[in-house]
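Numbering (the working numbering), first residue to last: 3 to 157.
Where is the CB? At the ideal position from N, CA and C, for every residue including glycine.
All values reported here derive from a predicted model rather than from experimental measurement.
The block underneath contains the structure these notes are about, expressed in structure tokens.
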């Protein structure tokens, strides 16, 4: 997937990488994504948090790989699957890989179709603290838009 082909000149739209976790749809802004790669061998790191699967060599750079389901705290850790992908994002120090069940598409979403997270959800859900909004698709599906900076800041 060539992210350079996405033209992000219209600021009334968000350009999103949409992916699945369990039965839900999630998205992150494309400009936060460095690359998407197939699942690969990960070497465990002793005494790391439960959501850290380990490290892998990605183009000559050691990259931490996390289980995004476990990180969000509301889902059980993922089981390996053939469609799993690693979405690599930039943190302040180094790239971080987030394992997702599958990548669905890169899409444009009008910002008017993105609502804030309801207050009741913010108060009761660990996942909500990492969420920047809820996107509505024309077919009725909802996409939970993750705030990558918040997901990474406590690592």
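Restricting attention to 15, 24, 93, the CA atom closest to the CA of residue 155 is found in 93. If you compare the alpha carbons of 43, 113, 30 with that of residue 13, the shortest gap goes to 113.
Of all alpha-carbon atoms in 152, 151, 147, the one lying nearest the alpha-carbon of residue 16 is that of 147.
In the three-state reduction of the DSSP assignment, residue 154 falls in the helix class.
Note that the C-beta distance between residue 29 and residue 35 is not below 8 Å. In the assembly as shown, residue 52 is an exposed residue. Its beta-carbon has fewer than 16 other beta-carbons within 10 Å.
Rounded to whole angstroms, residue 46 and residue 151 show a C-alpha spacing of 24 Å.
As for any beta strand (DSSP E) of minimum length 3 sitting wholly inside the region 39–91, the runs are 54–60, 63–69, ordered along the chain.
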